[in-house]
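A.B. asks: With mature numbering (1 follows the signal peptide of the UniProt record, and there is no 0) as the guide, the letters of the sequence shown map in order to residues -19 to -1, 1 to 92.
Glycine is no exception: its CB is placed at the ideal position from the N, C-alpha and C atoms.
Remember, it's a predicted structure, so these values are computed and weren't measured experimentally.
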Amino acid sequence: MRHVLLAAAFLLSAGFAHAAEPLEGNWKTASGETATIGKCGNAFCVTLKTGKHAGKQIGKLSGTGGTYKGEITDPAADKTYSGSGTVSGNSLKMKGCVMAVLCKTQTWTRL
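1) If you follow the beta strand (DSSP E) that glutamate 52 is part of, which residue opens it and which one closes it?
2) For the beta strand (DSSP E) that contains asparagine 7, what are its first and last residues?
3) For leucine 92, which three-state DSSP category applies?
4) Around the Cβ of glycine 77, are there at least 16 other Cβ atoms within 10 angstroms (buried) or fewer (exposed)?
5) Figure out for me which residue from Leu29, Ala1 and Ala24 has the closest Cα to the Cα of serine 65.
6) I'd like to confirm the pairing. Which residues does DSSP put opposite residue 93 in its beta bridges?
7) Are there 16 or more other CB atoms within 10 angstroms of the CB of glycine 70, so buried, or fewer, so exposed?
8) Assign alanine 16 to one of three DSSP states: helix, strand, or coil.
9) Strictly by DSSP, which residues pair up with valine 82?
Have a look at this one:
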């Protein structure tokens, strides 16, 4: 009986290893719009779902385990910056930088 329980626990824990990254899902942006983040190739694409720029991809990040790097686009100015995202629980800290010195950070909330 003990071996069966250990085998079941092992199988369950192995299944969790294939769970989605913490970055994936729907997020409320700092401006109140909804963005969805999902797998696209070897990265994660950030696409606005609501607002004036709905349907526009505004970012592409790569990474695992809650820390991601890539590019973020300001949809109003149509300018792309080096960016990063850090997930902590239901918060996502998005950071965009020009020349790695001038940075702006927003906090998004998981929906």
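C.D. replies: Straight from the coordinates:
1) The sequence position of residue 52 within the sequence shown is 71, counting from 1. Per DSSP, glutamate 52 belongs to the beta strand (DSSP E) from 48 to 55.
2) Translated into positions along the sequence shown, residue 7 becomes position 26. Where asparagine 7 is concerned, the enclosing beta strand (DSSP E) stretches over 6 to 9.
3) Walking along the sequence shown from the start, residue 92 turns up at place 111. It is coil, neither helix nor strand.
4) Reading the sequence shown from its first residue, position 96 is the one you call residue 77. Counting the other Cβ atoms within 10 Å of the Cβ of glycine 77 gives 16 or more, which makes it buried.
5) Stepping through the sequence shown from its first residue, residue 65 is reached at position 84. Checked all of Leu29, Ala1 and Ala24; the closest Cα to serine 65 is Ala24.
6) A query on residue 93 cannot be resolved here, the shown segment of the chain reaching from -19 to 92 and no further.
7) As a first step, residue 70 is located in the sequence shown; it is residue number 89 there, counting from the start. Its Cβ having fewer than 16 others within 10 Å, glycine 70 is exposed.
8) As a position in the sequence shown, residue 16 is number 35, starting the count at 1. Here alanine 16 carries a strand assignment [DSSP, helix/strand/coil].
9) Stepping through the sequence shown from its first residue, residue 82 is reached at position 101. Valine 82 pairs with nothing; no bridge assigned.
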